[in-house]
Amino acid sequence: KKFCRGETDIADASRPILKEEMELCQKNGIGYYELPIAFDALTVAVSPKNTWITSMTVEELKKIWEPAAQSKITKWNQIHSDWPDAPIVLFGAGSDSGTFDYFTDAVVGKAKASRGDYTASEDDNVLVQGIENNKNALGYIPFAYYAAQMKKLKAVAIVGKNGPVLPSAENVVKGSYQPLSRPLFIYVSEAAAKRTEVKDFVEYYLTEGPKLIAEVRYIPLPEPAYGMARERFKKGVLGTGFGGVPEVGLAVEEIMSRPPKR
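Add 159 to the 1-based position in the sequence shown for this note's numbering, that's all there is to it.
Below, the structure written as structure tokens:
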């Protein structure tokens with residue numbers, strides 16, 4: 160909202176711009192560049208003390224997390240009869256975060272649709288500690304935080320077309336870790352991009368960014384995607400490749416090839 164009011168020059172985003180934000184930018188005369196800069200993956204995690212889960216389907220996750228599950232799906236043996244007669248203790252992102260929007264869209268099928276009886280936090284360290292210390296816990300966190308805390312957590316493989324797939328940089332880039340991998344973006348104000356220091360910063364970001372991104376445990380895009388982003392910025396192509404709603408399972412190159420919307 161600050162970006163669409165003209166209060167900031169650049170906005171980091173873990174989801175594409177929403178329809179109401181597009182309308183606010185339009186109302187305030189804010190043109191913008193949408194530039195993908197990295198991948199993140201959401202990791203579904205359990206405690207290392209959990210002995211019964213190695214993989215789950217999206218359908219099983221939906222059964223746990225959808226709004227209708229609140230106060231009804233409360234024990235592990237409701238998901239699989241051979242899992243324990245023990246409480247499911249849930250941890251996840253707060254409802255104002257892009258992580259929450261993405262997870263609910265990918266798993267439940269509608270952004271922001273979630274049961275509310277779970278421990279919500281914007282602090283991923285709180286989530287890591289909660290999951291680690293309870294063998295009945297299940298939660299979701301960004302891959303970057305999981306990668307930094309691998310010894311404390313056990314990742315759950317997501318069952319896809321070709322079987323269970325664990326979150327990893329390799330699986331995200333080749334597109335096999337779906338639907339829980341996503342591009343991250345920066346949104347750059349058209350007016351701000353005319354200033355030399357902003358223009359130089361964005362060009363540096365798109366050229367040198369891949370090295371820095373790997374250092375902080377995010378996942379670099381394929382090089383052709385950075386080339387497309389540099390070309391978009393150079394040619395002054397404004398707008399978003401999305402229609403104001405999150406979409407999952409798209410290749411970055413596909414997003415960049417769409418006619419942008421404003």
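We put the CB at the ideal spot given by N, CA and C, even for glycine.
- [ ] Please go through the same chain and pick out, in chain order, the residues whose beta-carbon is closer than 8 angstroms to the beta-carbon of Ser254, but skip the five residues on each side of it.
- [x] Taking the sequence shown and counting its residues from 1, the one referred to as residue 254 is at position 95. Excluding positions up to five away in sequence, the list reads Lys271, Ser273 and Ala279.
Task: Simplified DSSP assignment, three categories, for Val225 - done: Taking the sequence shown and counting its residues from 1, the one referred to as residue 225 is at position 66. Sequence inspection shows Glu at residue 225; the Val mentioned does not correspond to that position. Here Glu225 sits in coil by DSSP.
Task: Outcome for Ser348 when other beta-carbon atoms lying within 10 angstroms are tallied against a minimum of 16 - done: To locate residue 348, count along the sequence shown from 1; it is residue 189. Buried, because 16 or more other Cβ atoms sit within 10 Å of the Cβ of Ser348.
Open item on the list: Along the chain, where does the alpha helix (DSSP H) containing Ile189 start, and where does it finish?
Closed with: Counting from one through the sequence shown, the residue named residue 189 turns up at place 30. Neither: Ile189 is in no alpha helix (DSSP H) and is coded neither H nor E.
- [ ] Would you decide whether Tyr363 is buried or exposed? Buried here means 16 or more other CB atoms lie within 10 Å of its CB.
- [x] For this step, residue 363 is matched to residue 204 along the sequence shown. Exposed, since its Cβ has fewer than 16 Cβ neighbours within 10 Å.
Task: Inter-residue spacing [alpha-carbon to alpha-carbon] between Ala306 and Val267 - done: Taking the first residue of the sequence shown as 1, we reach residue 306 at position 147. Taking the first residue of the sequence shown as 1, we reach residue 267 at position 108. Between Ala306 and Val267, the C-alpha separation is close to 25 angstroms.
Task: Contacts around Lys358, its chain only, beta-carbon distance under 7 angstroms, and the 5 residues preceding and following it disregarded - done: For the purposes of this step, residue 358 is taken as residue 199 along the sequence shown, with counting starting at 1. Excluding positions up to five away in sequence, the list reads Ala352.
TODO: Give the single residue among Asn187, Tyr346, Cys184 and Tyr261 whose Cα lies nearest to the Cα of Ile169.
DONE: Start at 1 with the first residue of the sequence shown, and residue 169 comes out as number 10. Checking every option, the nearest Cα to that of Ile169 belongs to Tyr346.
Task: Beta-carbon gap between Pro379 and Ala373 smaller than 8 angstroms - done: One-based indexing of the sequence shown puts residue 379 at position 220. One-based indexing of the sequence shown puts residue 373 at position 214. Taking 8 angstroms as the Cβ cut-off, Pro379 and Ala373 qualify as a contacting pair.
Open item on the list: Taking the beta carbon of Ala245 as the centre, do at least 16 other beta carbons fall within 10 Å, making it buried, or is it exposed?
Closed with: Along the sequence shown, read from residue 1 onward, the residue named residue 245 stands at position 86. Exposed.
Task: Assumed close pair Pro301, Asp199 - CB separation to whole angstroms, cut-off 8 angstroms - done: If you number the sequence shown from 1, residue 301 lands on position 142. If you number the sequence shown from 1, residue 199 lands on position 40. 5 angstroms between Cβ atoms; contact.
Task: For Ala172, the first and last residue of its enclosing beta strand (DSSP E) - done: The residue you call residue 172 lines up with position 13 of the sequence shown. Taken as a continuous stretch (DSSP letters only), the beta strand (DSSP E) holding Ala172 covers Ile169 to Ala172.
Open item on the list: Is the separation between the beta-carbon of Glu193 and that of Phe360 shorter than 8 angstroms?
Closed with: Translated into the one-based positions of the sequence shown, residue 193 becomes position 34. Translated into the one-based positions of the sequence shown, residue 360 becomes position 201. Against a cut-off of 8 angstroms, the Cβ pair of Phe360 and Glu193 comes out as no contact.
TODO: Figure out for me which residue from Ile176, Gln229, Glu219 and Ala252 has the closest Cα to the Cα of His239.
DONE: The count along the sequence shown starts at 1 and reaches residue 239 at position 80. Of the listed residues, the one whose Cα sits closest to His239 is Glu219.
Open item on the list: Within a Cβ cutoff of 7 angstroms, which residues of the same chain sit near Glu406, ignoring the five residues on either side of it in sequence?
Closed with: Your numbering for residue 406 matches position 247 in the sequence shown. If we look at Glu406 and ignore the five residues flanking it on each side, it has no Cβ neighbours.
Task: Residue range of the beta strand (DSSP E) that includes Ser340 - done: The residue labelled residue 340 in the question sits at position 181 within the sequence shown. Ser340 -> beta strand (DSSP E) spans Ser340 to Ser348.
TODO: With DSSP as the reference, label Lys420 as helix, strand or coil.
DONE: Working through the sequence shown from its first residue, we reach residue 420 at position 261. The answer is strand: DSSP assigns Lys420 an E or B state.
Task: Boundaries (first-last residue) of the alpha helix (DSSP H) holding Ile290 - done: Position 131 of the sequence shown, counted from the start, is the residue given in the question as residue 290. It spans Asp283 to Glu291 - the alpha helix (DSSP H) in which Ile290 sits, taken as one unbroken run.
Task: Unbroken alpha helix (DSSP H) run spanning Ala128, endpoints - done: Outside the displayed span of the chain (160 to 421) sits residue 128, for which this structure offers no information.
- [ ] Just grab the DSSP bridge partners of Lys313 for me.
- [x] By one-based count along the sequence shown, residue 313 stands at place 154. For Lys313, which the question treats as bridged, DSSP gives the partners Val205.
- [ ] Could you tell me if Ser230 is buried or exposed, where buried requires 16 or more neighbouring beta carbons within 10 angstroms of its beta carbon?
- [x] Numbered from its first residue, the sequence shown carries residue 230 at position 71. Exposed, because fewer than 16 other Cβ atoms sit within 10 Å of the Cβ of Ser230.
Task: Alpha-carbon to alpha-carbon, Gly400 and Pro419 - done: Along the sequence shown, one-based indexing puts residue 419 at 260. Along the sequence shown, one-based indexing puts residue 400 at 241. Using only the alpha carbons, I get a separation of about 5 angstroms.
Task: 3-residue-minimum beta strand (DSSP E) runs that sit fully inside the segment 372 to 416, ordered along the chain - done: none
Open item on the list: If you reduce the DSSP assignment to three classes, tell me which class Ser278 lands in.
Closed with: By one-based count along the sequence shown, residue 278 stands at place 119. Looking at the sequence provided, one finds Thr at residue 278 rather than Ser. Note: Thr278 maps to strand in three-state DSSP.
Open item on the list: Tell me which residue opens and which closes the beta strand (DSSP E) that Phe250 is part of.
Closed with: Numbered from its first residue, the sequence shown carries residue 250 at position 91. Its beta strand (DSSP E) spans residues Val248 to Gly251.
- [ ] Please classify Met415: is it buried, with 16 or more other beta-carbons within 10 angstroms of its beta-carbon, or exposed?
- [x] Residue mapping note: residue 415 aligns to position 256 of the sequence shown, counting from 1. It counts as buried.
Task: Rounded C-alpha distance that separates Leu397 from Gly190 - done: Translated into the one-based positions of the sequence shown, residue 397 becomes position 238. Translated into the one-based positions of the sequence shown, residue 190 becomes position 31. So the two alpha carbons sit approximately 7 angstroms from each other.
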